[in-house]
């Protein structure tokens, strides 16, 4: 009786209160089923009337039940029926989106999440689900926006901190990602996923010993956590490698003291810092090389790659455009620009530079077909034609 009393109201009460009504209604049904025969007790046609009435009632209820079961066939049918009953049911739009996403119809799901949020902008579940769907579609920046909005509604939603951190990590925004992993641990200090993600981020920052400590923490919580086991093995290998890298860095610094005007030494030093995960120092060394030899396309490309690793796409584009100003026929520079624009979900710009790359002789069809950077333009008609061409090229090569 308590859930339907209204004394305590939670969730979607009173809209959902009828779900608990079965037991309270038993008393009403008993009253009805005993009272009607009692009232008809002295009537001549009591048995016939009750039999016919019961038959009609059972038949009607059977038909209604059959129809109702059709609505409960699956998540799609119940959600759509709920929207037929009430077009402003934001809860139904969210669950319809989830059902569509399970079927791989992510774009349709996104439209329904947006509709739910249009009705109720504070609906946290729809906001989180929208972020997940956008991330799956490769729309990382849009997903970040939705996750940040979700955290405004509920700053203690642990899985949002984890998902947001994972996206930032994939974009090379290590410090920001680490901040969210720590927040997840503040909510749940025993979250193995957060410790593992922290370890991965710290590896990329070159803090191998700290990463090893976090991977060990994961395994103390869950000894069967396979990713942490693999990451721990990688970390130990990297630590041995970094010892060698640090030794090589020290030797290069000595060589630069002797030959301070050799741009190649700075490029090599930058490459070592990048291997160590210290991108800021890598960029610093590349820029020193560039100040000595401003026309070096290789150095410009090194800087661009380092900025991409940091998620600084606009800065990377500046240096790739400088390559094109020096070498207008550079197919690789055009292709790399296309990849960056695709990552930013700037489809028209990405396709424009893919066309330029192909016109300048780019013919790595396998890379064009499988490059994850180009996921955001997979629906573009020109790109689809290129994939078909790549497929034909592969078939003809295998026949030869």
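Numbering (my numbering), first residue to last: 22 to 421. We treat Cβ as the ideally placed atom computed from N, Cα and C, and that holds for glycine.
**Coarse secondary structure for residue 303, derived from DSSP in three states** = Along the chain shown, read from residue 1 onward, the residue named residue 303 stands at position 282. Looking at residue 303 - three-state DSSP - the assignment turns out to be helix.
**Asked** Tell me which same chain residues have a C-beta within less than 7 angstroms of the C-beta of residue 401, skipping the five on either side of it?
**Response** What you label residue 401 is simply residue 380 of the chain shown in a count that begins at 1. Around residue 401, the same chain offers 368 and 372 as residues with beta carbons nearer than 7 angstroms, after the five sequence neighbours per side are excluded.
**Prompt:** According to the Cβ coordinates, are residue 334 and residue 355 closer than 8 angstroms?
**Reply:** For the purposes of this step, residue 334 is taken as the residue at position 313 of the chain shown. For the purposes of this step, residue 355 is taken as the residue at position 334 of the chain shown. Their beta carbons are not under 8 angstroms apart, which means residue 334 does not touch residue 355 by this criterion.
**Message:** Can you find the residues in the same chain that come closer than 6 angstroms, C-beta to C-beta, to residue 121, ignoring five residues on each side of it along the sequence?
**Reply:** As a working mapping, residue 121 is identified with position 100 in the chain shown. Closer than 6 angstroms at the Cβ level, and outside the excluded window around residue 121, lie 129 and 130.
**Message:** Extract the residue ranges of the beta strand (DSSP E) inside the stretch 92-131, only unbroken runs of 3 or more that lie entirely within it.
**Reply:** none
**Prompt:** Touching or not, the stretch 305-316 and the stretch 283-293, by the rule of three or more beta carbon pairs under 8 angstroms?
**Reply:** yes
**Item:** Rounded distance between the beta-carbons of residue 137 and residue 115, thought under 8 angstroms
**Value:** Here residue 115 is taken as the residue at index 94 of the chain shown, counted from 1. Here residue 137 is taken as the residue at index 116 of the chain shown, counted from 1. Confirmed, Cβ separation roughly 5 angstroms.
**Request:** Tell whether a beta-carbon distance below 8 angstroms holds between residue 291 and residue 303.
**Result:** Residue 291 sits at position 270 when you count from the first residue of the chain shown. Residue 303 sits at position 282 when you count from the first residue of the chain shown. Cβ atoms of residue 291 and residue 303: closer than 8 angstroms.
**Request:** Check each candidate in 397, 249, 386 and 403 and name the one with the smallest Cα separation from residue 413.
**Result:** The residue given as residue 413 occupies position 392 in the chain shown. Of the listed residues, the one whose Cα sits closest to residue 413 is 386.
**Asked** residue 383 by DSSP, collapsed to three states: which one?
**Response** By one-based count along the chain shown, residue 383 stands at place 362. Three-state DSSP puts residue 383 in coil, outside helix and strand.
**Request:** Report the three-state DSSP secondary structure of residue 89 (helix, strand or coil).
**Result:** The count along the chain shown starts at 1 and reaches residue 89 at position 68. Reduced to three states, the DSSP call for residue 89 is helix.
**Prompt:** Going by other Cβ atoms of all chains shown within 10 Å of its Cβ, with 16 needed for buried, is residue 272 buried or exposed?
**Reply:** Translated into positions along the chain shown, residue 272 becomes position 251. Flag for residue 272 reads exposed.
**Item:** Test item: CB-CB of residue 171 and residue 217 under 8 angstroms
**Value:** Locating residue 171 in the chain shown gives position 150, counting from the first residue. Locating residue 217 in the chain shown gives position 196, counting from the first residue. The answer is no: Cβ separation not under 8 angstroms.
**Message:** Among the candidates 193, 150 and 160, whose CA atom is the shortest distance from the CA of residue 178?
**Reply:** The residue given as residue 178 occupies position 157 in the chain shown. Ranking 193, 150 and 160 by Cα distance to residue 178 puts 150 first.
**Prompt:** Would you call the CB atoms of residue 397 and residue 359 closer than 8 angstroms?
**Reply:** Your numbering for residue 397 matches position 376 in the chain shown. Your numbering for residue 359 matches position 338 in the chain shown. Their beta carbons are not under 8 angstroms apart, which means residue 397 does not touch residue 359 by this criterion.
**Prompt:** Secondary structure at residue 186, three-state DSSP: helix, strand or coil?
**Reply:** What you label residue 186 is simply residue 165 of the chain shown in a count that begins at 1. Looking at residue 186 - three-state DSSP - the assignment turns out to be helix.
**Prompt:** Where does the unbroken alpha helix (DSSP H) through residue 196 begin, and where does it stop?
**Reply:** Residue mapping note: residue 196 aligns to position 175 of the chain shown, counting from 1. Per DSSP, the continuous alpha helix (DSSP H) segment holding residue 196 begins and ends at 195-208.
**Asked** From what residue to what residue does the alpha helix (DSSP H) around residue 216 run?
**Response** As a position in the chain shown, residue 216 is number 195, starting the count at 1. Per DSSP, residue 216 belongs to the alpha helix (DSSP H) from 213-225.
**Prompt:** How should residue 203 be labelled, buried or exposed, when 16 other C-beta atoms within 10 angstroms of its C-beta is the threshold for buried?
**Reply:** Stepping through the chain shown from its first residue, residue 203 is reached at position 182. Exposed is the call here.
**Asked** What first and last residue would you give for the alpha helix (DSSP H) that runs through residue 280?
**Response** The residue given as residue 280 occupies position 259 in the chain shown. That residue, residue 280, is in no alpha helix (DSSP H); it is neither H nor E in DSSP.
**Message:** Please report the distance separating the alpha-carbon of residue 338 from that of residue 349.
**Reply:** The residue labelled residue 338 in the question sits at position 317 within the chain shown. The residue labelled residue 349 in the question sits at position 328 within the chain shown. If I take the Cα positions, the gap works out to 15 angstroms.
**Message:** Just verifying my parser: in three-state terms, what is the DSSP assignment at residue 405?
**Reply:** Taking the chain shown and counting its residues from 1, one reaches residue 405 at position 384. The answer is helix: DSSP assigns residue 405 an H, G or I state.
**Item:** Buried or exposed by the 16-neighbour rule on C-beta atoms within 10 Å, applied to residue 340
**Value:** Here residue 340 corresponds to residue number 319 of the chain shown, with the count starting at 1. Looking at its Cβ environment, which holds 16 or more other Cβ atoms inside 10 Å, residue 340 is buried.
**residue 150 in three-state terms, based on DSSP** = Mapped onto the chain shown, residue 150 falls at position 129. Residue state, collapsed to three classes: helix.
**Asked** What's the call for residue 270, buried or exposed, on a 16-neighbour Cβ count within 10 Å?
**Response** In the chain shown, counting from the first residue as 1, residue 270 sits at position 249. So residue 270 counts as buried.
**Asked** Considering residue 356, what are the terminal residues of the alpha helix (DSSP H) in which it resides?
**Response** One-based indexing of the chain shown puts residue 356 at position 335. Residue 356 -> alpha helix (DSSP H) spans 352-364.
**Request:** Use the C-beta contact count for residue 235: other C-beta atoms within 10 angstroms, 16 or more gives buried, fewer gives exposed.
**Result:** Along the chain shown, read from residue 1 onward, the residue named residue 235 stands at position 214. By the 10 Å Cβ count, residue 235 comes out buried.
**Asked** Which whole-angstrom value is the C-beta distance of residue 263 and residue 229, which I expect to be below 8 angstroms?
**Response** Taking the chain shown and counting its residues from 1, one reaches residue 263 at position 242. Taking the chain shown and counting its residues from 1, one reaches residue 229 at position 208. So it is a contact: roughly 6 angstroms between Cβ atoms.
**Asked** Can you round the beta-carbon distance between residue 332 and residue 226 to whole angstroms, since I take them to be within the 8 angstroms contact cut?
**Response** For the purposes of this step, residue 332 is taken as the residue at position 311 of the chain shown. For the purposes of this step, residue 226 is taken as the residue at position 205 of the chain shown. Not confirmed; about 14 angstroms, so no contact.
**Item:** Where the alpha helix (DSSP H) through residue 59 begins and ends
**Value:** The sequence position of residue 59 within the chain shown is 38, counting from 1. For residue 59, the enclosing alpha helix (DSSP H) starts and ends at 43-60.
**Request:** Within the same chain, show all residues whose beta-carbon is closer than 6 angstroms to that of residue 152, passing over the 5 residues directly before and after it, in chain order.
**Result:** Residue numbering aside, residue 152 sits at position 131 when the chain shown is read from its first letter. Around residue 152: 164, 167 and 168.
**Proximity below 8 angstroms, CB of residue 327 to CB of residue 295** = Looking up residue 327 in the chain shown gives position 306. Looking up residue 295 in the chain shown gives position 274. Yes, they are a contact pair.
**Prompt:** Considering residue 170, what are the terminal residues of the alpha helix (DSSP H) in which it resides?
**Reply:** In the chain shown, counting from the first residue as 1, residue 170 sits at position 149. It spans 161-174 - the alpha helix (DSSP H) in which residue 170 sits, taken as one unbroken run.
**At least 3 beta-carbon pairs within less than 8 angstroms: the stretch 49-56 vs the stretch 64-80** = no
**Prompt:** Can you name the start and end residues of the alpha helix (DSSP H) that residue 342 belongs to?
**Reply:** Here residue 342 refers to the residue found at position 321 of the chain shown. Per DSSP, residue 342 belongs to the alpha helix (DSSP H) from 334-347.
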